[in-house]
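>
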Amino acid sequence: MMVMMMMMMMMMMMMMMMMMMMMMMRKRKRRRGGGGGDEKEKKVKEKEKEKEKKKEKEKEKEKEEKE
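full-length UniProt numbering puts the first residue of the sequence shown at 1, with every later residue one more than the last.
(1) Can you tell me the Cα-Cα spacing of residue 2 and residue 12, whole angstroms?
(2) From residue 67 to residue 60, what distance separates their C-alpha atoms?
(3) Give me the Cα-Cα distance between residue 64 and residue 55, rounded to the nearest whole angstrom.
See the structure below:
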């Protein structure tokens, strides 16, 4: 039970972080100078790139199905 709760909390935190990142990206390019969070930001950017690739693949599949 506790493990499930911890997992849920982690997932919620990740979702919140992603939402915040998306909002920041939409508003403006972040001017924040590199502090201690450089590595984390790099990891997040890599994850976002992977998600974008997945979305592109899905779009291609949809196009193929329509044709």
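Each residue gets a CB set at the ideal place from its N, CA and C atoms; glycine is no exception. Because the structure is a prediction, the values reported are computed rather than measured.
On the basis of the supplied data:
(1) The residue you call residue 2 lines up with position 2 of the sequence shown. The residue you call residue 12 lines up with position 12 of the sequence shown. When only Cα atoms are considered, residue 2 and residue 12 end up about 15 Å apart.
(2) Sequence index remark: in the sequence shown, residue 67 carries index 67 (1-based). Sequence index remark: in the sequence shown, residue 60 carries index 60 (1-based). Distance between the alpha carbons of residue 67 and residue 60: 11 Å.
(3) Your numbering for residue 64 matches position 64 in the sequence shown. Your numbering for residue 55 matches position 55 in the sequence shown. Each residue's CA atom was taken as its position, placing residue 64 and residue 55 some 14 Å apart.
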